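Taking it in order: structure first as structure tokens, then the write-up.
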């Protein structure tokens, strides 16, 4: 099947949109910075080398699965468990990537490497605003590139620095750095809020995952949170 046409911006338009994305994402980058430092410090305390951590964060670029992997890391590591949990946590990227399916593959495939929750959410919010203003195309790929590349760079740098200085700092979660992750997501969710009904599956998933985290061993809370959220979506769709 032929890919739909997607107009290529001029060089000046590309740089303008890229710069717009790079400046738009600055507040989120500030929030991501302590989050990356925390992951790097925790990984160092688990015995991961700086090089191994940099390789993981640079190639995986998905904070949720990386925190899960570090939390499950042991000596010797249970690699199958870590891989399966990481795949499950990252499965949301299947849905996120589907929103970009209208773009030519030669353009979108390299950019999917840099996709994360924050860049996707900001790009979708920008596309909604552009669509409402009658701009075509609504989704600006170069704006997304500015967001994604800057976030990837800050994430890789912050996790590496965290791994380098983590052993000297000790438990940096006592400074409240672990609150950076939920704080950033609350800001992103506010911009995507569409009413209480759409939030019900999230709340169901959160409640079930929290209960599983406290009462069940291992990483059972990850699949339980995902499955219960999907069940909530299916049930709500059946009643609609």
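Numbering (our numbering), first residue to last: 1466 to 1705. In this text, a Cβ means the ideal position worked out from N, Cα and C, and glycines have one as well. Note that the structure is a prediction, hence the values are computed from the model and not measured.
Between the options, which lies nearest to residue i when the distance is taken from Cα to Cα?
i            : options                   : result
residue 1480 : 1607, 1625, 1632 and 1674 : 1607
residue 1422 : 1485, 1539 and 1478       : Since the displayed the chain opens at 1466 and closes at 1705, residue 1422 lies outside it and no answer follows.
residue 1498 : 1579, 1619, 1677 and 1680 : 1619
residue 1523 : 1681, 1534, 1495 and 1578 : 1578
residue 1573 : 1597, 1592, 1599 and 1605 : 1605
residue 1591 : 1482, 1675 and 1693       : 1482
residue 1683 : 1576, 1486, 1535 and 1521 : 1535
residue 1511 : 1677, 1695, 1537 and 1693 : 1537
residue 1613 : 1560, 1478 and 1485       : 1485
residue 1678 : 1556, 1526, 1634 and 1533 : 1533
residue 1629 : 1518, 1663 and 1575       : 1518
residue 1556 : 1530, 1571 and 1496       : 1530
residue 1663 : 1698, 1489 and 1602       : 1698
residue 1580 : 1477, 1528 and 1633       : 1528
residue 1525 : 1666, 1675, 1558 and 1692 : 1558
residue 1666 : 1675, 1696 and 1680       : 1696
Let me confirm a value: residue i is counted as buried when at least 16 other C-beta atoms fall within 10 Å, else exposed. Which label applies?
i            : result
residue 1554 : buried
residue 1631 : buried
residue 1670 : buried
residue 1433 : In the structure displayed, the chain extends from 1466 to 1705; residue 1433 sits before or after that span and is not available.
residue 1493 : buried
residue 1563 : exposed
residue 1661 : exposed
residue 1599 : exposed
residue 1672 : exposed
residue 1616 : buried
According to DSSP, is residue i part of a helix, a strand, or is it coil?
i            : result
residue 1576 : helix
residue 1679 : helix
residue 1631 : helix
residue 1601 : coil
residue 1548 : helix
residue 1492 : helix
residue 1528 : helix
residue 1543 : coil
residue 1673 : helix
residue 1697 : helix
residue 1512 : coil
residue 1567 : coil
residue 1584 : helix
Is the shortest distance between the beta-carbon of residue i and the beta-carbons of chain B less than 9 Å?
i            : result
residue 1579 : Judged by its chain identifiers, the structure shown contains no chain B, having just a single protein chain.
For this session: Give a yes or no on contact between the region 1679-1695 and the region 1548-1562, applying the rule of three or more CB pairs nearer than 8 Å.
Result: yes
For this session: Specify whether the region 1497-1507 and the region 1623-1630 touch according to this definition: at least 3 beta carbon pairs, one from each stretch, less than 8 Å apart.
Result: yes
Exercise. Within the chosen definition, does the region 1527-1547 reach the region 1562-1578 through at least 3 CB pairs nearer than 8 Å?
Worked result: no
Exercise. Would you call the region 1576-1593 and the region 1608-1621 in contact, with 3 or more CB pairs under 8 Å?
Worked result: yes
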